[in-house]
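Asker: This structure is in structure tokens; I'll ask about it shortly.
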């Protein structure tokens, strides 16, 4: 039995969003009431309201074994996938995909569960080369949001895009998501989009966040384009990797996979866990250049690196606390799960 089938034993006991169903002339509309963000300095735009279309592509309880996509969405639409479960991975296209052909204005995806089927013994290289896909892939203009996604056993977690390189036309808002068993990036943000990551548990990532354009693409991201991590829990997870031909090693990458095109990072009240030195060396474990740590709203519980490797943490930490006490991570994870009904 594969890892995903064994380990994906937790489902939400309570909904993180409240859904009200209203029937008008035989058409069912879903109104998603916003919750959370009480502690964030920056508040995302609402995903409901008179100016938006809120729709459910499938009724709650739907089980999918094929990709769902909406490549030409209208502006100002919220897709509510609450209660929808997909097993459409392994695949070469992301399980849920919106706007990749014609990105709309202000797209929101709420809910959805992805139960991927991955082999514990296969390497990072195998999944990256053969089954490079995410749980959700979202492209939009002005802003895009992903809320309350549950994903396990996948190559990438959340993939976000702008309409072109360095378009600087979009902000991202991601909250309430729970990711495990991610064999590459928990967030693939290779278009280097700014925004807010708030109150997410990314428990098992090979890499936390990527801002590294592929190929020869590079650009200068505006200085005021900031990615804020507020009350984030990101844990790195050792998996098989192939090195020097047939040699195999167990390891993970780093919290930030950065480049000269990467944007400015602000970290607030967050915890990162690393099990060992990155397979890409200690230089990859540095915080991105110019990272600011702002714990003014959590002075008694500051941003922390939980370092489980040998010796001292080998990278620059931007002033974050470092501890070898794994219970700091375990307690924070347990509290997050309790707060979100897992």
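In the numbering used here, the protein residues as written are 77 to 418.
Beta carbons: idealized from backbone N, C-alpha and C, even for Gly.
All figures in this text were calculated on a predicted structure; none of them were measured in a lab.
Does any heavy atom of the ligand PLP sit closer than 7 Å to the C-beta of residue 165?
Answerer: Among the components of this structure there are no ligands whatsoever, and the ligand PLP is therefore not found.
Asker: Taking C-alpha atoms, which residue in 217, 189, 136 lies nearest to residue 67?
Answerer: Since the first and last residues shown for the chain are 77 and 418, residue 67 lies out of range.
Asker: Starting from residue 411, trace the beta strand (DSSP E) in both directions and tell me its first and last residue.
Answerer: That residue, residue 411, is in no beta strand (DSSP E); its alpha helix (DSSP H) goes 402-415.
Asker: If the criterion is Cβ atoms closer than 8 Å, does the pair residue 390 and residue 353 meet it?
Answerer: Their beta carbons are under 8 Å apart, which means residue 390 touches residue 353 by this criterion.
Asker: Bridge partners for residue 240 per DSSP, in chain order?
Answerer: In DSSP, residue 240 forms no bridge with anything.
Asker: Could you check what DSSP says for residue 359 in three-state terms: helix, strand or coil?
Answerer: In this structure, residue 359 counts as helix in the three-state DSSP scheme.
Asker: With a floor of 3 residues, list each beta strand (DSSP E) that falls wholly inside the segment 302-354, ordered by position along the chain.
Answerer: Runs found: 302-306, 309-312, 315-319, 323-327, 340-344, 347-350.
Asker: Using the C-alpha atoms, what's the distance from residue 319 back to residue 112?
Answerer: Low per-residue confidence applies at residue 112: pLDDT is 43, beneath 50, and the placement is therefore not dependable enough to give any value.
Asker: Ordered along the chain, which non-local residues of its own chain (more than five positions away) have a Cβ less than 7 Å from that of residue 367?
Answerer: Around residue 367: 341, 343, 394.
Asker: Assign residue 248 to buried or exposed, taking buried as 16 or more other Cβ atoms, counted over all protein chains shown, within 10 Å of its Cβ.
Answerer: Buried: at least 16 other Cβ atoms inside 10 Å.
Asker: If we ignore side chains and look at the alpha-carbon of each, how far apart do residue 184 and residue 220 end up?
Answerer: If you take the alpha carbons of residue 184 and residue 220, they lie about 6 Å apart.
Asker: Return yes when the Cβ of residue 148 is within less than 8 Å of the Cβ of residue 177, no when it is not.
Answerer: A contact, by the Cβ cut-off of 8 Å.
Asker: Since residue 307 and residue 275 are thought to touch, with beta carbons under 8 Å apart, how far apart are those beta carbons, to the nearest angstrom?
Answerer: Confirmed, Cβ separation roughly 5 Å.
Asker: What are the boundary residues of the alpha helix (DSSP H) that includes residue 205?
Answerer: First-last of the alpha helix (DSSP H) with residue 205: 200-206.
Asker: Report the rounded CA-to-CA distance for residue 141 versus residue 165, giving the unit in angstroms.
Answerer: Going by the C-alpha atoms only, they are around 8 Å apart.
Asker: Select from 309, 258, 301 the residue whose C-alpha is nearest the C-alpha of residue 235.
Answerer: It is 258 whose Cα lies nearest to the Cα of residue 235.
Asker: Within the continuous beta strand (DSSP E) that includes residue 269, where are the two ends?
Answerer: First-last for residue 269: undefined, no H or E at that position.
Asker: DSSP on residue 290, reduced to helix/strand/coil?
Answerer: Residue 290: coil per DSSP, three-state reduction.
Asker: Taking buried to mean at least 16 other C-beta atoms within 10 Å of its own C-beta, is residue 168 buried or exposed?
Answerer: So residue 168 counts as exposed.
Asker: Residue 160 to residue 270, Cα distance in whole Å?
Answerer: C-alpha separation (whole angstroms): 29 Å.
Asker: My output table needs one value for residue 384: the three-state DSSP class, helix, strand or coil.
Answerer: Looking at residue 384 - three-state DSSP - the assignment turns out to be coil, as it is neither helix nor strand.
Asker: Quick check on residue 209: buried or exposed, where buried means 16 or more other Cβ atoms within 10 Å of its Cβ?
Answerer: With 16 or more other Cβ atoms within 10 Å, it is buried.
Asker: From the DSSP output, in three-state form, read off residue 143 for me.
Answerer: If DSSP states are grouped into helix, strand and coil, residue 143 belongs with coil.
Asker: Note down, one range per segment and in chain order, each beta strand (DSSP E) of at least 3 residues found wholly within the segment 121-185.
Answerer: Taking only runs of at least 3 residues, the beta strand (DSSP E) segments lying wholly in the segment 121-185 are 129-131, 144-146, 153-156, 172-174.
Asker: Which residues mark the beginning and the end of the beta strand (DSSP E) in which residue 276 is found?
Answerer: Where residue 276 is concerned, there is no enclosing beta strand (DSSP E), given that its DSSP letter is neither H nor E.
Asker: Could you tell me the alpha carbon to alpha carbon distance between residue 392 and residue 246, rounded to whole angstroms?
Answerer: Cα to Cα, the separation comes out at about 30 Å.
Asker: On the three-state DSSP scale, how would you describe residue 295?
Answerer: Residue 295 falls in the coil class under three-state DSSP.
Asker: Is it true that the CB of residue 239 sits closer than 8 Å to the CB of residue 215?
Answerer: In this structure, residue 239 lies closer than 8 Å to residue 215 by Cβ.
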